[in-house]
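*Asks:*
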Amino acid sequence: MWEQRVKNRRLKAKSRAGNTAKIHLAVDGAVDGYGLPVEFEITGGEVNDCSAAPDLIARLPDAKAMIADKGYDSKWLREQIT
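Counting in numbering that gives the first Met the number 0, the sequence shown runs from 0 upward without gaps.
#1: Does the Cβ-Cβ distance between A57 and G28 come in under 9 angstroms?
#2: Need the endpoints of the beta strand (DSSP E) that E40 sits in, please.
#3: Sort out for me which residues DSSP pairs K21 with in a bridge.
#4: Which residues in the same chain as I22 place their Cβ atom closer than 8 angstroms to its Cβ, once the five residues preceding and following it in sequence are excluded?
#5: Here's the rule I'm using: 16 or more other beta-carbon atoms within 10 Å means buried, otherwise exposed. How should D61 be labelled?
#6: Return yes when the Cβ of A25 is within less than 9 angstroms of the Cβ of G43, no when it is not.
#7: Which residues bound the alpha helix (DSSP H) around K69?
This is the structure we're talking about:
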């Protein structure tokens, strides 16, 4: 089926480019440089990165540091992880 549903959310969204989806991926910070995926969240392309982050972060093991791109930059999200 073209439109899949997980947790009652659409995984694909319409945009000018057509159907879109985002994969929010958390990887471990391995010393050897081969960060392996530890958690992921798939959302529709229209979903803001910050709104997908709390569920993803809640499923992660404790970490000493987190690195994310500017799409995840918000004051309330920084407060959640400190």
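Backbone N, C-alpha and C define an ideal beta-carbon position, used for all residues, glycine too.
Just so we're clear, the structure is a prediction, and the values are computed from it rather than from any experiment.
*Replies:* The relevant details are as follows:
#1: Result no, Cβ atoms of A57 and G28 do not sit closer than 9 angstroms.
#2: Per DSSP, E40 belongs to the beta strand (DSSP E) from 36-43.
#3: Residue pairing by DSSP puts K21 in a beta bridge opposite T42.
#4: Cβ neighbours of I22 beyond the five flanking positions: F39, E40, I41.
#5: So D61 counts as exposed.
#6: Annotated as distal: G43 and A25, with beta-carbon spacing of 9 angstroms or more.
#7: Taken as a continuous stretch (DSSP letters only), K69 belongs to no alpha helix (DSSP H), as it is neither H nor E.
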